[in-house]
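One structure is given here, and the rest of the page talks about it.
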Amino acid sequence: MGDTPGSKIESSKSSPKAVNHTELDRRPFGGLEFQVSEVVGRLEAVVNAQDAEEEKKPEPRKPSVEFFEPEESSMDEILKVLEELVIKTDPNCESVEPPLLPTDAVTRAAILSHSISALFARLERSHAIRLGAHVASETSRWMAHMFRLDEYNAFYHQEHLEGLVRVTRMLLHHRYPRYLEDGALAFTNRLPSIYSCVASPLGVVQHLCRQLSLPLACVRPVPVHPSARGMDLEALERLCDEDLSANRTPLLVLGEVGAPPLGWGTPLAALSALCKAKNVHLHVRGHALALPAATGRDETHSIADSVTLTPGSWFGVPGLPTVTLYKIPEQVTVNDHSKSVSTASGREGALAALAGLGGGTRLAALPLWAAARAGGARRLARRLHSAFRSARAARAVIAGAGLRILSDRPGGDEPPNVDIIEAISKASACVAFQFAPPGVEKPPPYYDKLNSWFGQVLQREVDMANIEVCETEGYGVVLRYCPLEGSMIEEERMDAWAAVLEAQLHVLHATVALREPFQQRLERHACLRLVHVPGWAGLGGVRYVPTGWEQAPPEELNSLNRQLVETLRATDGAFSCGDGDDGMACVRFGMVTADTDVDELLELVVVAGKDVEENSKALTDMTEVLKKGIEEAQADLQREAWQEGLLRRVPVVGRVVSWWAPPPPPAGRRLLLAHGTLQPTDDIYRYVQRKEKSEEPARAHSPARQHEPATKE
256 MGDTPGSKIE
266 SSKSSPKAVN
276 HTELDRRPFG
286 GLEFQVSEVV
296 GRLEAVVNAQ
306 DAEEEKKPEP
316 RKPSVEFFEP
326 EESSMDEILK
336 VLEELVIKTD
346 PNCESVEPPL
356 LPTDAVTRAA
366 ILSHSISALF
376 ARLERSHAIR
386 LGAHVASETS
396 RWMAHMFRLD
406 EYNAFYHQEH
416 LEGLVRVTRM
426 LLHHRYPRYL
436 EDGALAFTNR
446 LPSIYSCVAS
456 PLGVVQHLCR
466 QLSLPLACVR
476 PVPVHPSARG
486 MDLEALERLC
496 DEDLSANRTP
506 LLVLGEVGAP
516 PLGWGTPLAA
526 LSALCKAKNV
536 HLHVRGHALA
546 LPAATGRDET
556 HSIADSVTLT
566 PGSWFGVPGL
576 PTVTLYKIPE
586 QVTVNDHSKS
596 VSTASGREGA
606 LAALAGLGGG
616 TRLAALPLWA
626 AARAGGARRL
636 ARRLHSAFRS
646 ARAARAVIAG
656 AGLRILSDRP
666 GGDEPPNVDI
676 IEAISKASAC
686 VAFQFAPPGV
696 EKPPPYYDKL
706 NSWFGQVLQR
716 EVDMANIEVC
726 ETEGYGVVLR
736 YCPLEGSMIE
746 EERMDAWAAV
756 LEAQLHVLHA
766 TVALREPFQQ
776 RLERHACLRL
786 VHVPGWAGLG
796 GVRYVPTGWE
806 QAPPEELNSL
816 NRQLVETLRA
826 TDGAFSCGDG
836 DDGMACVRFG
846 MVTADTDVDE
856 LLELVVVAGK
866 DVEENSKALT
876 DMTEVLKKGI
886 EEAQADLQRE
896 AWQEGLLRRV
906 PVVGRVVSWW
916 APPPPPAGRR
926 LLLAHGTLQP
936 TDDIYRYVQR
946 KEKSEEPARA
956 HSPARQHEPA
966 TKE
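Note that the sequence shown covers residues 256 to 968 in the working numbering.
Shown next, in the form of structure tokens:
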């Protein structure tokens, strides 16, 4: 992973140190260790040049028997343990080497910046604050220029919703001046209202309420527009008017553009005008906010009061922070329902500090700063442009395959006369599609199973794309491809992906076409029962019930059908064992192709079922023979033991009888399976005794016995 200096590459004589570096590069974590050590060493030499001290030896610790205490280990040993853990915790790893992670220049810069940030924690607080402010200021200007945003402050955070939580806290301090002293009691007379579309994830507003100790009554769900695209603005206006009449405070509207799962958005221009008229803060999030950077247009916008950007997933670089860009709200006048927070010049800073949006000693923006410098603005913008282009190409392939597309057209190729706000409102950064019958709004439940199978197969066989299986309320199970959230299908691999898509569609169409004939022809076989298997996308489930087994115990029927599945799988791997909705075992028929003969499959099940049934009968008969023979043998042995030992149990007489007539050899019985009869084991016992007596002289004259020392008597 580490970059070897050019002077060492050009040198004809490699030093031992250079060889060690090359060996480190071949290890999954060795190169990263060398890079981090080199960078940290350089920074430590600068910071600690004047006050270097000798390291103190650590005091020996007493071993504890209550819990495990790690011993001091070298970095090589730690990395070796880490590599083993990577292999053990990966269920799909088949090799003995840890999987290599992508290590381009931008990714390495982001990874190294986390180590550097930890090192900078040793600086003095004032020094760290000045350094963090400079890094954050540069990064904010870059992000604002790249995504064409104007007049925003920036907050960098690792948790995805942390920025929205702090912006909402700032709004609460702004609209409720007593919120700092009274907390939730400040909402007693006027409850705040947070508006969110019913199609948006419910977890966002729930997280807001939990973090800010707000009651769930603050959440005001807004219906979806009748066109099923985004938020209904007329309904939002009615809700705001109702809240004002009910002595509530409209506080925040959560808008989305290109948000998952279907990539729909809301007209930002109309939504922003409504929020300004009602004095409500507008927060916007979604992948469509990356569109201005992909188009390269110089037009800027500041239509929302705050936005959330996710450059980590957009650029495909791990470890980058989420960016929340926000505006400080205007002062509250006497006409509003609260007093002004402050009239001093530091009002903006005071609001940001109360909400926790001010800068701290941590360099949260450093990974993004390092990645932007390593990749450059043009390279990162090309990554976004390629993502939108890949989404458009995938949409064309999916539309050509005849699948149903639910998302809007991905942006990136709008004509110049289209306003940037309008382009963001209509653009989608993903392709949401499903396999569905024509002419229906929501497919039948069986198609949910088919789409789930379709998504799982694409996830397994198409390693070039990240296909997500989503469940929606209005359309059932939907498949989603979003290049801004994972791996991207390159243009040269789009044809191969289209071929895989077409092959699986043939299987889906054939299964749907043969499902009804399969159920009809199943009725011709009296020994087969149709079984509903929950969540199964294949032809269906069948239970084999032979004649006379209608009243058989469930355990015997389950055993019979499991044995039948094992027999069928030796012929065709498409058969599998499953449980019906009644909890009993059955034979599952999987997905089929157009050339599948349903009658042949059913006949195969019937023939195999008869063979298993006959073997089961033979095994049952053998079990009965064994059971009966064991019972008879136990009874005979008990009877003989009682007859033979009657006099031997009498005191004194028993000794005389045992001396006069020694006890007979142990009694036993053997069962002949061919005839089902019992025979005594006396002849076997006598044969063993004769064999032992014949071997005693040979053991007595063996060389080992001749050299044994004599024992004293």
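Note that CB positions come from ideal geometry on N, CA and C, so glycine has one too.
Would Met401 pass as a contact of Ala632 if the rule is Cβ separation under 8 Å? On the sequence shown, position 146 is the one that residue 401 refers to. On the sequence shown, position 377 is the one that residue 632 refers to. The answer is yes: Cβ separation under 8 Å.
Excluding the 5 residues preceding and the 5 following Lys948 in the sequence, name in chain order all residues of the same chain whose CB lies nearer than 6 Å to its CB. Position 693 of the sequence shown holds residue 948. Nothing listed; no residue qualifies.
From the DSSP output, in three-state form, read off Asp813 for me. On the sequence shown, residue 813 is found 558 positions in, with the first residue counted as 1. The question names Asp, but residue 813 is Asn in the sequence shown. If DSSP states are grouped into helix, strand and coil, Asn813 belongs with the helices.
I need the DSSP call for Phe442, collapsed to helix, strand or coil. Within the sequence shown, numbered from 1, the residue matching residue 442 stands at position 187. Three-state DSSP puts Phe442 in a helix.
Give me, in chain order, the residues of the same chain whose beta-carbon lies closer than 6 Å to that of His640; leave out the 5 immediate sequence neighbours on both sides. To locate residue 640, count along the sequence shown from 1; it is residue 385. So the qualifying residues of the chain are Ala549.
In whole angstroms, give me the CA-to-CA distance for Val477 and Leu756. Here residue 477 refers to the residue found at position 222 of the sequence shown. Here residue 756 refers to the residue found at position 501 of the sequence shown. Spanning the two alpha carbons is a distance of roughly 37 Å.
With DSSP as the reference, identify every bridge partner of Gln689, one or two as the case may be. Here residue 689 refers to the residue found at position 434 of the sequence shown. Answer is Arg659, bridged to Gln689.
How is Ser683 classed by DSSP in three states: helix, strand or coil? On the sequence shown, residue 683 is found 428 positions in, with the first residue counted as 1. Residue state, collapsed to three classes: strand.
Return the first residue and the last residue of the beta strand (DSSP E) that Val474 is part of. Taking the first residue of the sequence shown as position 1, residue 474 is located at position 219. That run of the beta strand (DSSP E) goes Val474 to Val477.
Endpoints, the beta strand (DSSP E) within which Val767 is located: As a first step, residue 767 is located in the sequence shown; it is residue number 512 there, counting from the start. Val767 -> not in any beta strand (DSSP E); alpha helix (DSSP H) instead, spanning Met749 to Leu777.
Out of curiosity, what's the CA-to-CA distance linking Ala678 and Ser662? In the sequence shown, counting from the first residue as 1, residue 678 sits at position 423. In the sequence shown, counting from the first residue as 1, residue 662 sits at position 407. Cα-Cα distance, rounded: 15 Å.
The alpha helix (DSSP H) that contains Ser500, what's its start and end? Within the sequence shown, the letter at position 245 stands for residue 500. Start and end: Leu488 to Ser500.
Give me, in chain order, the residues of the same chain whose beta-carbon lies closer than 8 Å to that of Asp978; leave out the 5 immediate sequence neighbours on both sides. Since the displayed the chain opens at 256 and closes at 968, residue 978 lies outside it and no answer follows.
By alpha-carbon positions, which one of Glu858, Ala626 and Gly657 ends up nearest to Asn779? Translated into the one-based positions of the sequence shown, residue 779 becomes position 524. According to the sequence as given, residue 779 is Arg; it is not Asn. Here the closest residue by C-alpha is Glu858.
Could you check what DSSP says for Thr344 in three-state terms: helix, strand or coil? Counted from its first residue, the sequence shown places residue 344 at position 89. Coil.
Could you tell me how far apart the beta carbons of Leu618 and Ser372 are, in whole angstroms, since I believe they sit closer than 8 Å? On the sequence shown, position 363 is the one that residue 618 refers to. On the sequence shown, position 117 is the one that residue 372 refers to. With a Cβ gap of about 5 Å, Leu618 and Ser372 count as contacting.
Assess contact between the segment 794-804 and the segment 832-849, defined as three or more Cβ pairs (one per stretch) separated by less than 8 Å. Is contact present? yes
Quick check on the DSSP output: the alpha helix (DSSP H) that includes Glu716 runs from which residue to which? The residue given as residue 716 occupies position 461 in the sequence shown. Pro700 to Glu716 is the span of the alpha helix (DSSP H), which, as asked, contains Glu716.
Please work out which residues of its chain come closer than 6 Å, Cβ to Cβ, to Met486, disregarding the five sequence neighbours upstream and downstream, and give them in chain order. Looking up residue 486 in the sequence shown gives position 231. So the list reads Cys452, Val477 and Thr521, once near-sequence residues are dropped.
Taking just the CA atoms, how far does Ala391 sit from Val733? Numbered from 1 along the sequence shown, position 478 holds the residue referred to as residue 733. Numbered from 1 along the sequence shown, position 136 holds the residue referred to as residue 391. Going by the C-alpha atoms only, they are around 40 Å apart.
So does the segment 651-658 actually touch the segment 533-544, counting three or more Cβ pairs closer than 8 Å? no
Have a look at Ala483 and Glu728 and give me their C-alpha separation to the nearest angstrom. The residue you call residue 483 lines up with position 228 of the sequence shown. The residue you call residue 728 lines up with position 473 of the sequence shown. Near 12 Å, if we compare the C-alpha coordinates of Glu728 and Ala483.
CB contact flag (Lys704, Ala768, <8 Å): On the sequence shown, position 449 is the one that residue 704 refers to. On the sequence shown, position 513 is the one that residue 768 refers to. Contact flag unset, no.
Selected residue, minimal CA-CA separation from Pro692, among Ile660, Thr362, Pro670 and Pro671: Your numbering for residue 692 matches position 437 in the sequence shown. Ranking the options by Cα distance to Pro692, first place goes to Ile660.
What does a CB cutoff of less than 6 Å around Ala620 pick up in its chain, not counting 5 residues either side in sequence? In the sequence shown, counting from the first residue as 1, residue 620 sits at position 365. So the list reads Val390, Ala391, Thr394 and Tyr411, once near-sequence residues are dropped.
Any idea if Ser500 is buried or exposed, counting beta-carbon neighbours within 10 angstroms, 16 or more meaning buried? By one-based count along the sequence shown, residue 500 stands at place 245. It is exposed - the Cβ of Ser500 has fewer than 16 other Cβ atoms within 10 Å.
Cβ-based neighbour list, Ala525, same chain, cut-off 8 Å, excluding 5 preceding and 5 following: Residue 525 sits at position 270 when you count from the first residue of the sequence shown. Here the set comprises Leu488.
Since His787 and Asp834 are thought to touch, with beta carbons under 8 Å apart, how far apart are those beta carbons, to the nearest angstrom? Walking along the sequence shown from the start, residue 787 turns up at place 532. Walking along the sequence shown from the start, residue 834 turns up at place 579. Not confirmed; about 11 Å, so no contact.
Whole-angstrom C-beta distance between Ala687 and Arg735, which should lie under 8 Å: What you label residue 735 is simply residue 480 of the sequence shown in a count that begins at 1. What you label residue 687 is simply residue 432 of the sequence shown in a count that begins at 1. Confirmed, about 5 Å.
Same chain only: Cβ atoms within 7 Å of Val676, ignoring 5 sequence neighbours per side: Sequence index remark: in the sequence shown, residue 676 carries index 421 (1-based). Per the sequence shown, the amino acid found at residue 676 is Ile instead of Val. Leu523, Ala524, His556 and Ile558, listed in sequence order.
What residue range does the alpha helix (DSSP H) around Cys782 cover? For this step, residue 782 is matched to residue 527 along the sequence shown. Counting along the chain, Cys782 falls outside any alpha helix (DSSP H), and DSSP gives it neither H nor E.
Three-state secondary structure (DSSP) of Pro547: By 1-based counting over the sequence shown, the position of residue 547 is 292. Of the three classes helix, strand and coil, the one that applies to Pro547 here is helix, per DSSP.
Beta-carbon within less than 8 Å of Gln774's beta-carbon, same chain only, minus the 5 sequence neighbours each way: which residues are those? Within the sequence shown, the letter at position 519 stands for residue 774. Cβ neighbours of Gln774 beyond the five flanking positions: Leu785 and Gly795.
Which class does Ile744 belong to by DSSP, given the choice of helix, strand or coil? For the purposes of this step, residue 744 is identified with residue 489 of the sequence shown, where counting begins at 1. Ile744 falls in the coil class under three-state DSSP.
Identified DSSP bridge partners for Val797: The residue labelled residue 797 in the question sits at position 542 within the sequence shown. Answer is Leu785 and Val842, bridged to Val797.
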